[in-house]
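Taking it in order: structure first as structure tokens, then the write-up.
2 protein chains.
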Amino acid sequence: MSDALAGEPSQFDADTAIRREAGVWAATVTDRWNIGSAPNGGYLLALVTRALLADTDQPLSLSVTAHYLSPPQPGPATIRTEVLKAGRRLSVATGGLWQGEREQLRVLGTFGDPDRFEGPSRVGATPPRLPPPESCSPAWLISIPTQNEIRHRFDFRLPPDFEWGRPEPGQPLAVAGWIRFADGRQPDPLALVALADAFPPAAMGMGELRWAPTLELTVHVRNRPAPGWVAGRFSSRFLRRGLLEEDGELWDSTGQLVAHSRQLALLVT
Amino acid sequence: MSDALAGEPSQFDADTAIRREAGVWAATVTDRWNIGSAPNGGYLLALVTRALLADTDQPLSLSVTAHYLSPPQPGPATIRTEVLKAGRRLSVATGGLWQGEREQLRVLGTFGDPDRFEGPSRVGATPPRLPPPESCSPAWLISIPTQNEIRHRFDFRLPPDFEWGRPEPGQPLAVAGWIRFADGRQPDPLALVALADAFPPAAMGMGELRWAPTLELTVHVRNRPAPGWVAGRFSSRFLRRGLLEEDGELWDSTGQLVAHSRQLALLVT
């Protein structure tokens with residue numbers, strides 16, 4: 007709980023640190039964000055996004071998409087990037103994470119500052135209705151029988167009356183709860199990219215879920231988050247032959263929508 | 007109405023035709039899918055997707071994302087592609103559409119055949135409730151005061167009692183209706199990529215909408231569509247300073263979900 011408070015880099019910042027070396031970005035993939043033997047997809051996307059934000063000199067990823075090629079191993083990695091468009095309001099860039107001659111994920115994104123735009127605003131949804139975090143129960147991927155280092159990285163809370171299960175036919179599989187970094191690091195736009203893939207899968211209600219590896223993850227960051235807990239709502243509507251989408255929303259502690267996400271994943275039962 | 011019936015290529019197939027030339031794909035961008043002076047983003051994504059499907063030898067785009075850099079002009083274009091992963095069940099590839107030295111959009115996608123997967127299925131949503139197409143009204147982007155060649159490419163129908171407007175606070179802007187190609191071409195997985203961006207924006211209800219250029223578009227094709235009309239449901243929940251997301255679902259004539267989409271767009275009023 008003390009890293010961020012003591013002025014040391016947080017676990018998230020330490021594990022997404024990048025440095026420029028010979029025209030590429032050097033990074034170190036750690037196993038601290040693993041689910042089983044594979045690093046979490048949101049952690050990996052945040053790592054590459056950090057490099058793309060640096061290259062475009064933009065504050066925020068308006069939209070980033072990762073396609074996952076093969077799981078990285080803990081250790082050194084290289085991020086090779088290319089800026090496709092460098093604008094004042096909007097930049098577009100792509101980058102891949104490599105270990106040796108093998109590319110593990112490719113990312114494509116648009117970067118900018120939504121506060122530099124002018125136009126109408128309207129919120130056509132409401133934040134999840136949750137008891138305050140203090141009244142919620144610490145919970146984690148209790149039904150997934152595998153080693154999950156990632157469970158130590160986040161403080162994740164579910165309402166005390168929540169039960170994983172299958173809703174009525176025609177209704178989505180869904181979960182909503184609170185999340186924050188376990189070491190006290192506050193949310194920021196980059197953290198939202200990781201938080202969008204940090205909840206247990208909404209499809210846990212299908213039972214006997216062993217793993218839900220992400221094939222593709224897209225995160226849209228819409229606003230800078232206020233400090234404090236982040237409320238997340240995740241749902242899956244279309245499960246077909248083990249492939250499913252999961253939609254996420256992240257709301258900050260002031261009740262403001264700060265990011266939404268969608269992923270295509272494979273449900274391994 | 008006769009191209010497809012007479013054995014000629016349909017307008018969609020003619021305008022997304024590609025041929026291999028000197029290690030790249032050659033294509034011709036037409037203005038037949040224009041909204042104002044810019045080609046529709048779904049048409050452009052379908053054009054690049056066709057090249058990536060050919061390169062990966064896969065039948066279907068499980069997930070494709072386009073980021074738009076600058077609007078192409080009618081005329082010759084080159085599609086430069088790279089296969090990042092070539093698998094039996096899944097392939098990942100990226101490609102850019104270029105005119106001269108200028109790249110207009112970059113696409114990243116995962117390709118495969120969902121029917122080769124095995125696992126549970128579950129539908130947590132219902133198709134839009136619509137009167138049959140014959141009872142719906144032909145409609146188009148009537149409120150957008152610009153030349154829209156694209157209106158001649160699709161037959162688009164709205165329920166007779168539908169009115170563009172702002173729903174209650176906290177509810178999404180939404181539209182649902184029927185769509186098919188005007189020349190009778192039947193839907194297939196590639197067509198779904200274009201159909202996912204062919205509806206008028208759900209944000210038309212905001213009024214005084216001039217244009218809604220797409221910054222990023224992601225389409226997930228989940229199944230092969232049956233012949234006939236396609237029902238679409240599109241909604242926008244989060245409009246902030248003119249930036250908004252739009253979520254789409256496409257259901258085939260048998261009531262089966264065949265694709266879903268999300269885009270980040272800029273609302274120009």
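Chains Z and V supply the protein sequences, listed in that same order. Residue numbering for the first sequence follows my numbering, beginning at 7 and increasing consecutively. Residue numbering for the second sequence follows my numbering, beginning at 7 and increasing consecutively. Beta carbons are placed, not taken as given, at the ideal position from N, Cα and C, and that holds for glycine.
Please check the pair residue i and residue j, which I expect to be a contact at CB under 8 Å, by giving their CB distance rounded to whole angstroms.
i: Z:L111; j: V:H226; result: Actually they are not in contact, since the Cβ atoms of Z:L111 and V:H226 sit about 18 Å apart, beyond 8 Å.
i: Z:A131; j: V:P178; result: 7 Å
i: V:F160; j: V:A204; result: 5 Å
i: Z:R186; j: Z:W235; result: 5 Å
i: V:W184; j: V:C142; result: 6 Å
i: Z:A145; j: Z:F123; result: Contact flag wrong, Cβ pair sits at about 38 Å.
i: Z:L68; j: V:L75; result: Not a contact, Cβ separation roughly 14 Å.
i: V:L221; j: V:G248; result: Actually they do not touch by this definition, with Cβ atoms about 11 Å apart.
i: Z:L237; j: Z:P138; result: Per the sequence presented here, residue 237 of chain Z reads as Ala, with Leu not at that position. Not a contact, Cβ separation roughly 11 Å.
i: Z:P120; j: Z:R228; result: 6 Å
i: V:T62; j: V:V199; result: That pair is no contact at about 15 Å.
i: V:P65; j: V:A44; result: Between V:A44 and V:P65 the Cβ distance is about 30 Å, and since that is not below 8 Å, they are no contact.
i: Z:T224; j: V:T224; result: 5 Å
i: V:F244; j: Z:L263; result: 5 Å
If the cut is a Cβ gap below 8 Å, which residues of chain Z does residue i touch?
i: V:D121; result: R247
i: V:H73; result: S69, L90, V98, L114, G115 and T116
When DSSP labels each residue in this structure, what does residue i get in the three-state scheme?
i: Z:A237; result: strand
i: V:S141; result: helix
i: Z:I148; result: At Z:I148 the pLDDT is 49, less than 50, meaning the model places this residue with poor confidence and gives no usable figure here.
i: V:Q105; result: strand
i: Z:L196; result: helix
i: V:R163; result: strand
i: V:F187; result: strand
i: V:P82; result: strand
i: V:R128; result: strand
i: V:F18; result: helix
i: V:L53; result: helix
i: Z:G211; result: helix
i: V:T62; result: helix
i: V:L201; result: helix
i: Z:R26; result: strand
i: V:G13; result: coil
i: Z:P77; result: coil
i: Z:R122; result: helix
Residues of chain V with CB closer than 7 Å to the CB of residue i, please, in chain order.
i: Z:G238; result: Per Cβ cutoff of 7 Å: no residues; Z:G238 is ~15 Å from chain V at best.
i: Z:P178; result: G130 and A131
i: Z:N229; result: R246
i: Z:M210; result: None at all; the shortest Cβ gap to chain V is about 13 Å.
Going along chain V in order, which residues have a C-beta closer than 8 Å to the C-beta of residue i?
i: Z:N154; result: Chain V residues near Z:N154: none, gap ~22 Å exceeds 8 Å.
i: Z:L221; result: L68, S69, L96 and T116
i: Z:L273; result: G125 and P126
i: Z:L270; result: L68, S69, T116 and H226
Taking Cβ positions, are residue i and residue j nearer each other than 8 Å?
i: Z:A208; j: Z:E252; result: yes
i: V:T71; j: Z:L114; result: yes
i: V:A32; j: V:R25; result: yes
i: V:L103; j: V:L59; result: no
i: Z:S267; j: Z:A232; result: no
i: Z:M212; j: V:P219; result: no
i: Z:A202; j: Z:A99; result: no
i: V:T34; j: V:G106; result: no
i: V:T87; j: V:A57; result: yes
i: Z:N40; j: Z:E155; result: yes
i: V:S241; j: V:L250; result: no
i: Z:W217; j: Z:G101; result: no
So which residues on chain Z does residue i lean against when the C-beta distance must stay under 7 Å?
i: V:V30; result: The premise fails here: V:V30 is roughly 17 Å from chain Z at the closest Cβ pair, so nothing lies under 7 Å.
i: V:E109; result: L90
i: V:E251; result: H226 and H266
List the DSSP bridge partners of residue i.
i: V:I156; result: V:I156 pairs with nothing; no bridge assigned.
i: V:N229; result: Answer is none; V:N229 lacks a bridge partner.
i: Z:N271; result: The sequence as given places Ala at residue 271 of chain Z; Asn does not occur at that position. Its beta-bridge partners are Z:T220 and Z:L250.
i: V:E255; result: V:R239 and V:H266
i: Z:E88; result: Z:T100
i: V:L179; result: V:S242
i: V:W31; result: V:R26 and V:I85
i: V:R112; result: V:H73 and V:G102
i: Z:P45; result: Z:N40
i: Z:F117; result: Z:S67 and Z:S97
Under 9 Å between beta-carbons, which chain V residues line up against residue i? List them in chain order, please.
i: Z:P77; result: None at all; the shortest Cβ gap to chain V is about 13 Å.
Given 7 Å as the limit, tell me if residue i has its C-beta closer than that to any heavy atom belonging to the ligand GDP.
i: V:A99; result: The model on display carries no ligand, and the ligand GDP is accordingly not part of it.
Going along chain Z, which residues have a C-beta under 9 Å from residue i?
i: V:R243; result: R128, V129, G130, A131, E255, L263 and H266
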